[in-house]
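Visitor:
Number of protein chains: 2
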Amino acid sequence: MTTRKDIAERNDRTLLQAARDVLAEDGAHASVAAIAARAGVGIGSLYRRYKTKEELFQRLSVLSLDHWNEAAEQGLADPDPWAGLAGFIYGCVVFGQGSLAPVAGTIEVTQEMSAKARRGDELLDELVQRAHQADVLRKDVAAVDISLLIEQFGRSPVVDQLRKQGRGDLLTAAAEARRRLIAIALDGLRPGHSPLPGSPPGEELFTGRWSNK
Amino acid sequence: MTTRKDIAERNDRTLLQAARDVLAEDGAHASVAAIAARAGVGIGSLYRRYKTKEELFQRLSVLSLDHWNEAAEQGLADPDPWAGLAGFIYGCVVFGQGSLAPVAGTIEVTQEMSAKARRGDELLDELVQRAHQADVLRKDVAAVDISLLIEQFGRSPVVDQLRKQGRGDLLTAAAEARRRLIAIALDGLRPGHSPLPGSPPGEELFTGRWSNK
DNA sequence: TCAAGGCGGAGCGAATCGCTCCGTACTCTG
DNA sequence: CAGAGTACGGAGCGATTCGCTCCGCCTTGA
Numbered sequence: 000m001t002t003r004k005d006i007a008e009r010n011d012r013t014l015l016q017a018a019r020d021v022l023a024e025d026g027a028h029a030s031v032a033a034i035a036a037r038a039g040v041g042i043g044s045l046y047r048r049y050k051t052k053e054e055l056f057q058r059l060s061v062l063s064l065d066h067w068n069e070a071a072e073q074g075l076a077d078p079d080p081w082a083g084l085a086g087f088i089y090g091c092v093v094f095g096q097g098s099l100a101p102v103a104g105t106i107e108v109t110q111e112m113s114a115k116a117r118r119g120d121e122l123l124d125e126l127v128q129r130a131h132q133a134d135v136l137r138k139d140v141a142a143v144d145i146s147l148l149i150e151q152f153g154r155s156p157v158v159d160q161l162r163k164q165g166r167g168d169l170l171t172a173a174a175e176a177r178r179r180l181i182a183i184a185l186d187g188l189r190p191g192h193s194p195l196p197g198s199p200p201g202e203e204l205f206t207g208r209w210s211n212k
Numbered sequence: 000m001t002t003r004k005d006i007a008e009r010n011d012r013t014l015l016q017a018a019r020d021v022l023a024e025d026g027a028h029a030s031v032a033a034i035a036a037r038a039g040v041g042i043g044s045l046y047r048r049y050k051t052k053e054e055l056f057q058r059l060s061v062l063s064l065d066h067w068n069e070a071a072e073q074g075l076a077d078p079d080p081w082a083g084l085a086g087f088i089y090g091c092v093v094f095g096q097g098s099l100a101p102v103a104g105t106i107e108v109t110q111e112m113s114a115k116a117r118r119g120d121e122l123l124d125e126l127v128q129r130a131h132q133a134d135v136l137r138k139d140v141a142a143v144d145i146s147l148l149i150e151q152f153g154r155s156p157v158v159d160q161l162r163k164q165g166r167g168d169l170l171t172a173a174a175e176a177r178r179r180l181i182a183i184a185l186d187g188l189r190p191g192h193s194p195l196p197g198s199p200p201g202e203e204l205f206t207g208r209w210s211n212k
């Protein structure tokens, strides 16, 4: 009922959303001023809610972990093992789960965060194990592969860059292509494929100029 | 024969290699000092070879485009359309083609660069068209999808972050998992898959909290 | 032994960072 | 309607880091 409270809550949401977006575009270099500007609020308002930049990022991190766990539980609730796993992966990816990678290591990990991360690992293990037992997931794909896939697809350098440059015309096309890519990767997780026929070629290809160790 | 020249050339190579690595880890925030330190040379030596930071990045960009085109030509030379395309993709990915995305838009694009990029697009089109005609590539995958895939896999936030933190123990495991992921994605490009059975779920999943437009 | 020049890094001005503080304007109550 | 209370935006602080220059050192070749 109190209009004040509502506005405050909405501002808090747009703030976190802006933080995630700017983080995706600018990486670890993301500045507080840029986040506030993106959210359309003054710097002072940001600092009234979060004492420091680190506190904002920690809150964002907790939110991300919460989303992971909720998505995993929602996936486990699905009677279809594959639909559950795919839904979890897709949900994490479109959430932008990989956006926080650049700040990993720059913020202090609270015990709340590590506890939630541990629970997230357990849930993912369960999802993977269930999919394996139902034979709807390649046997040579482990939980760590799913984690990496989510992290890898959790942000798109091209899309982020286009958004940063304000190229709205190319953006929708790129976002659509990205969605296709995710679908392809998800499809590649299913069993029944021949064991990687002819691909990939060895790493020694084209690496004469760079050392890729 | 002249030892001086040899050392200079080798230093130039390590410099570009270091620039690419630091760029992958630090993004657009990568500093000249960090690049020089990574290469094991002084800042003065870097600035003797490249007048400005932009010139270094432009050189790196040209090198990246050259690699793309060489890999594409090498792929076209392969009589097997699929092996040629897969080899091209894999070569570009392990090269770290996506590392330059953060600086795209921050450096001036020379006509040399745009010409090479244009030629690269043509070569990729040819590779894709050949694969389509031989029916070794999903019909619903276009050239732009391949581009995006290379950009998406061209750098791994997790691997880069681990390298930055010096976690050598986890690094090899993550790099190996990444390689598996690439193989899965390549496999997903092949035809004969059922048209994305049951996956992915709609984007409206889990997006109640964030607007993902 | 000595001239020459590639080398590393201290240090410059400028820009940007995270963060504080205060004048302004809006909201709610009596 | 008046006035107290409060949330807001943004100028500006010191500190840090940036790209880049300049100079003394030290290896190199004759």
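As you go down the protein sequences, you meet chains A and B in turn.
Taking numbering that gives the first Met the number 0, the leading residue of the first sequence gets 0, the next gets one more, and so forth.
Taking numbering that gives the first Met the number 0, the leading residue of the second sequence gets 0, the next gets one more, and so forth.
Ideal placement from N, C-alpha and C gives every residue a C-beta, glycine not left out.
All figures in this text were calculated on a predicted structure; none of them were measured in a lab.
Among B:R177, B:L147, B:Q160, B:P101, which residue has its Cα nearest to the Cα of K163 of chain A?
Guide: B:P101
Visitor: Is the separation between the beta-carbon of G74 of chain B and that of L126 of chain B shorter than 9 Å?
Guide: yes
Visitor: What residue range does the alpha helix (DSSP H) around L158 of chain B cover?
Guide: One point to set straight first is that residue 158 of chain B is Val, not Leu, in the sequence displayed. In the DSSP assignment, V158 of chain B falls within the alpha helix (DSSP H) that extends over 156-163.
Visitor: For L55 of chain A and chain B, any beta-carbon pair shorter than 9 Å?
Guide: no
Visitor: Is the Cβ-Cβ distance between Y49 of chain B and R37 of chain B less than 9 Å?
Guide: no
Visitor: Take Y89 of chain A and list the residues in its own chain whose beta-carbon comes closer than 8 Å to its own, dropping the five residues that flank it on each side.
Guide: I181, L185
Visitor: CB-CB under 8 Å to Q151 of chain A, same chain, minus the five flanking residues each way: which ones, in chain order?
Guide: G97
Visitor: Report yes if the CB atom of D120 of chain B is closer than 9 Å to the CB atom of A142 of chain B, and no otherwise.
Guide: yes
Visitor: Taking only runs that begin and end inside the stretch 4-84 of chain A, name each unbroken alpha helix (DSSP H) of 4 or more residues, in chain order.
Guide: 31-38, 42-48, 52-76
Visitor: Taking 9 Å as the CB-CB limit, is G197 of chain A close to chain B?
Guide: Confidence at G197 of chain A is low in this model, with a pLDDT of 34, below 50, so its placement is unreliable and no value can be given for it.
Visitor: Can you pull the chain B residues whose beta carbon is under 8 Å from the beta carbon of D11 of chain A, in chain order?
Guide: Ordered by position in chain B, no residue passes the 8 Å Cβ test against D11 of chain A, which lies about 12 Å from the chain.
Visitor: Within 10 Å of its beta-carbon, does V226 of chain B have 16 or more other beta-carbons around it, so buried, or fewer, so exposed?
Guide: There is simply no residue 226 of chain B to check, as chain B begins at 0 and stops at 212 in what is shown.
Visitor: Does the beta-carbon of V157 of chain A have 16 or more other beta-carbons within 10 angstroms, so that it is buried, or is it exposed?
Guide: buried
Visitor: Is it right to say D257 of chain A is buried, meaning 16 or more other beta carbons lie within 10 angstroms of its own, or is it exposed?
Guide: Outside the displayed span of chain A (0 to 212) sits residue 257 of chain A, for which this structure offers no information.
Visitor: Applying a beta-carbon distance threshold of less than 7 Å, which residues of chain A neighbour V157 of chain B?
Guide: A100, L147, E150
Visitor: Quick one: using the 10 Å Cβ neighbour count with 16 as the cut-off for buried, is I183 of chain A buried or exposed?
Guide: buried
Visitor: Apart from the five residues just before and just after T171 of chain A, which ones in its own chain have a Cβ nearer than 8 Å to its Cβ?
Guide: none
Visitor: Put D120 of chain A into one of helix, strand or coil per three-state DSSP.
Guide: helix
Visitor: Any idea what DSSP makes of R179 of chain B, helix, strand or coil?
Guide: helix
Visitor: Between R118 of chain A and L14 of chain B, what straight-line distance do the alpha-carbon atoms span, to the nearest angstrom?
Guide: Their backbone Cα atoms lie some 43 Å apart in a straight line.
Visitor: Cα separation between G197 of chain A and L62 of chain B?
Guide: Note that G197 of chain A scores 34 on pLDDT, short of 50, meaning its location in the model is unreliable; the coordinates nonetheless yield the value given after this. Cα to Cα, the separation comes out at about 28 Å.
Visitor: Within its chain, find whatever has a CB closer than 7 Å to the CB of W67 of chain B; leave out the 5 residues flanking it on each side and keep chain order.
Guide: C91, Q96, G119
Visitor: So, is the C-beta of D124 of chain A closer than 9 Å to a C-beta in chain B?
Guide: no
Visitor: Sorted by chain position, which residues of the same chain lie with C-beta nearer than 7 Å to E111 of chain B's C-beta, five sequence neighbours on each side aside?
Guide: V61
Visitor: If I follow the unbroken alpha helix (DSSP H) through D139 of chain B, where does it start and stop?
Guide: No alpha helix (DSSP H) contains D139 of chain B, which DSSP labels as neither H nor E.
Visitor: Under 6 Å Cβ to Cβ from E53 of chain B, same chain only, skipping five residues before and after it: list those, please.
Guide: I106
Visitor: Using alpha carbons as the reference points, say which of B:A173, B:R166, B:R178, B:S146 lies closest to R177 of chain A.
Guide: B:S146
Visitor: Against chain A, does A116 of chain B count as a neighbour if the rule is that its beta carbon must be under 9 Å from one of theirs?
Guide: no
Visitor: For E107 of chain A, name the three-state secondary structure that DSSP assigns.
Guide: coil
Visitor: So is L204 of chain B in contact with chain A if we call contact Cβ pairs under 9 Å?
Guide: At L204 of chain B, the pLDDT of 27 sits below 50, so the modelled position is not reliable; the number obtained from the coordinates is stated separately. So yes, L204 of chain B belongs to the interface.
Visitor: Just the C-alpha distance for G201 of chain A and L188 of chain B, rounded to the nearest angstrom, thanks.
Guide: Note on G201 of chain A: pLDDT 34, under 50, position unreliable in the model; no value is reported.
Visitor: According to DSSP, is P101 of chain B part of a helix, a strand, or is it coil?
Guide: helix
Visitor: Quick one, which of A:A173, A:W81, A:R47, A:S44 has its alpha-carbon nearest V135 of chain A's?
Guide: A:W81
Visitor: Can V21 of chain A and A29 of chain A be called in contact, C-beta distance under 9 Å?
Guide: yes
Visitor: Restricting to Cα atoms, I'd like to know which of B:A116, B:E69, B:G43 is closest to F94 of chain B.
Guide: B:E69
Visitor: Using CA coordinates, which residue listed in B:D159, B:R179, B:A23, B:A130 is at the minimum distance from A103 of chain B?
Guide: B:A23
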